Every structure is written in structure tokens, then in C-alpha cells.
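Q: Its first residue numbered 1346, the sequence shown is counted upward by one per residue in this note's numbering.
Below is the structure I would like to discuss, written out as C-alpha cells.
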Amino acid sequence: MLSGCLTNKTKAFNANYMASNLYTLATARGANKDKLLHGTGIFTDDFTNNRLLSAKQLLILIQNAQHLCTGNDLAFQFGHSLVNTIDIQQPDLVAALKSASNFVGCMRVLSIINAQIFPFMSAHTFKDREHVYIVLQDSIGLRKNQRFMIEASCTALVAISKICVGRRLKFSFLFPFLRPKHIYEYEENLGSRLTFCHPMLSIKIPISELEIPCPDRHLGLNRYALKTVINKRFYKFSLMDKIRSQLRSKPNLSLPEIATLNGLSPASLKRALKVHHISFQQLVDELCCQEALYYLHIQKLKNEQSASHMRFNDVNNFRRAVKRCTGLTPSELRQA
1346 MLSGCLTNKT KAFNANYMAS NLYTLATARG ANKDKLLHGT GIFTDDFTNN RLLSAKQLLI
1406 LIQNAQHLCT GNDLAFQFGH SLVNTIDIQQ PDLVAALKSA SNFVGCMRVL SIINAQIFPF
1466 MSAHTFKDRE HVYIVLQDSI GLRKNQRFMI EASCTALVAI SKICVGRRLK FSFLFPFLRP
1526 KHIYEYEENL GSRLTFCHPM LSIKIPISEL EIPCPDRHLG LNRYALKTVI NKRFYKFSLM
1586 DKIRSQLRSK PNLSLPEIAT LNGLSPASLK RALKVHHISF QQLVDELCCQ EALYYLHIQK
1646 LKNEQSASHM RFNDVNNFRR AVKRCTGLTP SELRQA
């Protein structure tokens, strides 16, 4: 069974954090309170009684807020609000972040607790000699809410870097969508290093930036705070991220094999993924696409090198897989 695995129906999130923050922001912008909560199963009393909500409920609330609020800054302000109030919800997490040696340590802390504090998106990293690429992934079946969550999560990351390091780090944001009309909000909250129409949703940062020491670094405090955070953690992965992790470890695993690893029948796993608006093959192709874009489009590696990194023994199979998951041949990807 999927024990310890978060789904979009798992009630695991205190109403007085994400839901309360969004409710406050939306009503301050004139959103009708009843319409805002319509269809969510959330009541105003829940914000003070620590009722647990599911990601599905939160996504409905987010969709309502986007529909009811004017302006283009709601997602950015939501990202800020989550960071500004995290010390109330997770004081040990803030202690672990501030006491880390550098931002590499902060990222490790965030990866450990991500499913608990921001279940909507996760990250996978690629690293070369000069940069780290943080690839953002849908963790819960976002659908229409994806753009909102991209804006919120990127804003939150910038805000967290200020808490940890004391200043905004030199993040470069690579977005797969067109340059938005409300570019001011992007520049105000994320900085000027913005690229649009990029094939891979990711954040690029120089390794030298990640190695800047945190002013409040303290090894002993960091170990203690991190241990406390881990002990309080109920969920390590979302369902989608758990399967991604298993596929990255063993890329050739089939759906029946993944199902067996998780104590499920193939039919049950298919149903569980369908609830998250994704299929097993889509997850397989997504991971293939990420690697193909990184090794071929960004690193410009040759076919043999890329195939080796992607654990293909046969270059022809590699070419076919790249074409299937990206729509382009390896040569076309290098030239894109």
C-alpha cells in the first residue's frame, strides 16, 4: 500500500496556514467570502481550529481565488505570505534553514519537508561545473492551477534565500510559457533574469551562489532542528514524486513492477494516477524529456554521451525515446 505517500485526497494540511493565507489575501482584494469557499468543503471556523485539509480542497480554493480576484499579483503575494508565516507553523524548519552552512544545505532541508509545506510542486536538480538547474515538477495534479503555483513557488524560493543567506541569490528563471503582459510582477518578485518560451521549466543558479555561507550557520543547531523536522514529518513523497523517484532509480521498471513495489495491483495504480490527471507513461516520458532537454539542449552533448547518461545501451532506442517524449530528434534538440 502507499503508506506514507501523499495523494491529492490526503487531509494533511492545517487550514490555518495555506488556506488561511490565501483566504486573507483574496478577501482583502474584494473576493466574496461565500463564493471563495464555495465547493471547497472549507469553513471559516476551520482557520482557527486546526482542521486538516487536502490538496484537492486547496486547489479548489486557489481556483476560486483566481476567478474572484482582480490584478495579477495574487500568486506572488501568496508565495510571500507562505514564507512570512512559516515561522509560526514550522519554527524548527526555519531554524534548520537559517542554521544551514549555505544554500545547498537549505535546499536539502526544503527537499526533506517539501511534501508537508508545499505539496503542489517538487524539484529535481541537474548539475554541471558552473550551475545547478532546479527543474520544477507538478506533484499533485495541478492542471489549470499550474501557472499560479509556478509563480508562487518561485517567489517563495527567492524569499527563502533572503532568510537563509541575507540577500536575493542570482536565480535565473526559465519558463515554458510566453512572456506575460504583467511582466512587472515577475521582475518585482523574481528579478530580471527571466527567460520565456524555454522548453524546460527550471531555475538556474551559479554554484558559487549556492556556496555563499549563511550568516547564522550552526552545525549543531542545524542537526538538531533538522532531526526535529524529520521526526514531525508524516509524508516523504507525493504519489507522483514517489513513482518518479523509483523510475529514476530504475528507469526500465514497468507499470506492473512499480505497482508491486508499492503493494498495489496495476489497475489500482492506474486509478490512483488517474485521480492526479496523469498516467504512468506520461511520468516515464516526462523524466525522459527532462534528461533529454538537459543533456542535449542545455549541455549539447553528443548522442553517445547523452544515451549513456540516460542509461540507454542502444543509441537507436535512445533516438526513438527522445523523439517520442520531446517531439524532436537529438540533433534538433541540440540546435533548438
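Beta carbons are placed, not taken as given, at the ideal position from N, Cα and C, and that holds for glycine.
Source: prediction; values computed, not measured.
First and last residue of the beta strand (DSSP E) that includes T1470?
A: It spans M1466 to K1472 - the beta strand (DSSP E) in which T1470 sits, taken as one unbroken run.
Q: When you compare the CB positions of A1468 and L1481, do they come within less than 8 Å of one another, or not?
A: Yes, the Cβ-Cβ distance between A1468 and L1481 is below 8 Å.
Q: Leaving out five residues before and five after S1506 in sequence, what residues of the same chain have Cβ atoms less than 7 Å from its Cβ?
A: Taken in chain order, the residues that qualify are F1448, R1513 and L1514.
Q: Output yes or no for whether 8 Å exceeds the beta carbon distance between P1464 and L1351.
A: Yes.
Q: Just curious, the alpha helix (DSSP H) that L1382 is in, first and last residue?
A: Counting along the chain, the alpha helix (DSSP H) containing L1382 begins and ends at K1378 to L1382.
Q: Which residue or residues does DSSP assign as beta-bridge partners of V1477?
A: Beta-bridge pairing links V1477 to K1472 and I1550.
Q: Report the three-state DSSP secondary structure of T1372 (helix, strand or coil).
A: If DSSP states are grouped into helix, strand and coil, T1372 belongs with the helices.
Q: Per DSSP, Q1482 is paired with what?
A: Q1482 is bridged to S1467.
Q: Distance check for A1400 and A1360, CA to CA, integer angstroms please.
A: Using only the alpha carbons, I get a separation of about 11 Å.
Q: Give the secondary structure of S1768 by DSSP, where H, G and I count as helix, E and B as strand, and everything else as coil.
A: In the structure as shown, the chain begins at 1346 and stops at 1681. Residue 1768 is therefore absent and cannot be evaluated.
Q: Considering only their Cβ atoms, is the gap separating M1585 from L1628 smaller than 8 Å?
A: A contact, by the Cβ cut-off of 8 Å.
Q: Considering only C-alpha positions, which residue in the set S1498, E1602, G1672 and M1545 is nearest to F1421?
A: Of the candidates S1498, E1602, G1672 and M1545, the one whose C-alpha sits nearest the C-alpha of F1421 is S1498.
Q: Check each candidate in P1675, S1553 and C1542 and name the one with the smallest Cα separation from L1638.
A: Answer by Cα proximity: P1675.
Q: Among the residues of its own chain, which have a CB less than 7 Å from the CB of L1403, if the five just before and after it don't count?
A: Taken in chain order, the residues that qualify are F1358, M1363 and A1364.
Q: What does the Cβ neighbour count give for A1612, buried or exposed, with the cut at 16 atoms within 10 Å?
A: When all chains shown are included, A1612 counts as exposed.
Q: Look at the alpha carbon of A1373 and the alpha carbon of K1572, and state the distance between them as a whole number of angstroms.
A: A1373 and K1572: Cα-Cα distance of roughly 38 Å.
Q: Check for me: the beta strand (DSSP E) holding S1613 runs from which residue to which?
A: That residue, S1613, is in no beta strand (DSSP E); its alpha helix (DSSP H) goes P1611 to V1620.
Q: Quick one: what's got a C-beta closer than 6 Å to M1466's C-beta in the same chain, skipping five residues either side?
A: So the qualifying residues of the chain are L1481, S1484, M1494 and S1498.
Q: Output the distance between the C-alpha atoms of A1371 and E1496, rounded to the nearest integer angstrom.
A: Cα to Cα, the separation comes out at about 16 Å.
Q: Short check: CB of I1684 to CB of I1548, under 8 Å?
A: In the structure as shown, the chain begins at 1346 and stops at 1681. Residue 1684 is therefore absent and cannot be evaluated.
Q: Using the Cβ count rule (16 or more neighbours within 10 Å means buried), how would you classify E1636?
A: Answer is buried; the Cβ neighbour count reaches 16.
Q: Of the residues V1574, K1526 and T1369, which one's Cα is nearest the Cα of F1392?
A: Ranking V1574, K1526 and T1369 by Cα distance to F1392 puts T1369 first.
Q: Tell me which residues share the same chain as V1620 and place their Cβ nearer than 8 Å to its Cβ, disregarding the 5 neighbours each side in the sequence.
A: Excluding positions up to five away in sequence, the list reads T1352, N1353, K1354 and G1486.
Q: Determine the closest residue to A1501 out of G1536, P1525, R1665 and N1409, with distance taken between C-alpha atoms.
A: The residue with the shortest Cα to Cα distance from A1501 is G1536.
Q: How far does the alpha helix (DSSP H) with K1356 in it extend, from its first residue to its last?
A: Note, K1356: premise wrong, no alpha helix (DSSP H); beta strand (DSSP E) at K1356 to N1359.
Q: Put T1540 into one of helix, strand or coil per three-state DSSP.
A: Strand, per DSSP.
Q: Based on the DSSP secondary-structure assignment, which residues constitute the bridge partners of L1397?
A: In the DSSP output, where bridge partners are listed per residue, L1397 has N1359.
Q: Below 8 Å on the Cβ atoms is my contact criterion, and I expect R1578 with Q1461 to pass it. Report the Cβ-Cβ distance as a whole number of Å.
A: Sure, about 6 Å apart at Cβ, within 8 Å.
Q: How is C1350 classed by DSSP in three states: helix, strand or coil?
A: Reduced to three states, the DSSP call for C1350 is strand.
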